[in-house]
Structure formats: C-alpha cells, structure tokens
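The sequence shown runs 579 to 666 under our numbering. For every residue, glycine included, the Cβ atom is placed at its ideal position computed from N, Cα and C. Written below as structure tokens is the structure these notes are about.
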Amino acid sequence: MTNKQVELLKFCGFEVDDSHLLVRDKNKDSLVTICYNSVAKLFTIKTTGFHFKAKDYDSVEKFSVDLNRKLSLVYELNTYMGDDNVRS
Numbered sequence: 579m580t581n582k583q584v585e586l587l588k589f590c591g592f593e594v595d596d597s598h599l600l601v602r603d604k605n606k607d608s609l610v611t612i613c614y615n616s617v618a619k620l621f622t623i624k625t626t627g628f629h630f631k632a633k634d635y636d637s638v639e640k641f642s643v644d645l646n647r648k649l650s651l652v653y654e655l656n657t658y659m660g661d662d663n664v665r666s
C-alpha cells in the first residue's frame, strides 16, 4: 500500500492496519469489504452472502449504495499505484 492510498482510506473513514495490510470499515454491519492483495498490489471487493427478505427494499438499497461507494473507492485506490512511498 502506498502512502496516498492509506491517506485516502483514512480520509474516507476506514482504519488501516499497517502490520497486516488490512482495511477495516468502521461500519460493522457492512456486507462489502475492501481487500488488499499484497502480491498483485491491487485492491478488490469481497461481499458477504446475505439473503434479503421479500420486499425489503431498504436493505437492498443500503447494500447497493455501500457497494457503489466502495467500488468507486477501489477504483481510485488502484489509480494510485505509481506512488514510490510504499508501506511494507
């Protein structure tokens, strides 16, 4: 992870564990997790399996907003790959 990536994650309200290169969301109820692959040096998204109740449109909307927010953040994080200040 680069310094710019870590700063962007912290600015967006995430906690970064430098020793294990983990990204933690302060929202514990989130079904979407941002993961960092140290070999490929890329961020990805992992979703947790969940069965939505019939006609529970609020939960589906909450999930889709969270997913879209994190997808755009992962896109921005992966554009900062050229930074030389890499954390190990």
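Annotated three-state conformation of residue 635 is helix, per DSSP. The distance from the Cβ of residue 610 to that of residue 623 is about 6 Å, consistent with a contact at the 8 Å cut-off.
For residue 581, the enclosing alpha helix (DSSP H) has its first and last residue at 581 to 589.
Judged by beta-carbon spacing, residue 592 lies beyond the 8 Å limit of residue 607, meaning their Cβ atoms are not closer than that value. Around the C-beta of residue 655, 16 or more other C-beta atoms lie within 10 Å, and the residue is accordingly described as buried.
When DSSP states are grouped into helix, strand and coil, residue 655 belongs to the helix group. Here the alpha carbons of residue 641 and residue 616 stand approximately 27 Å from one another.
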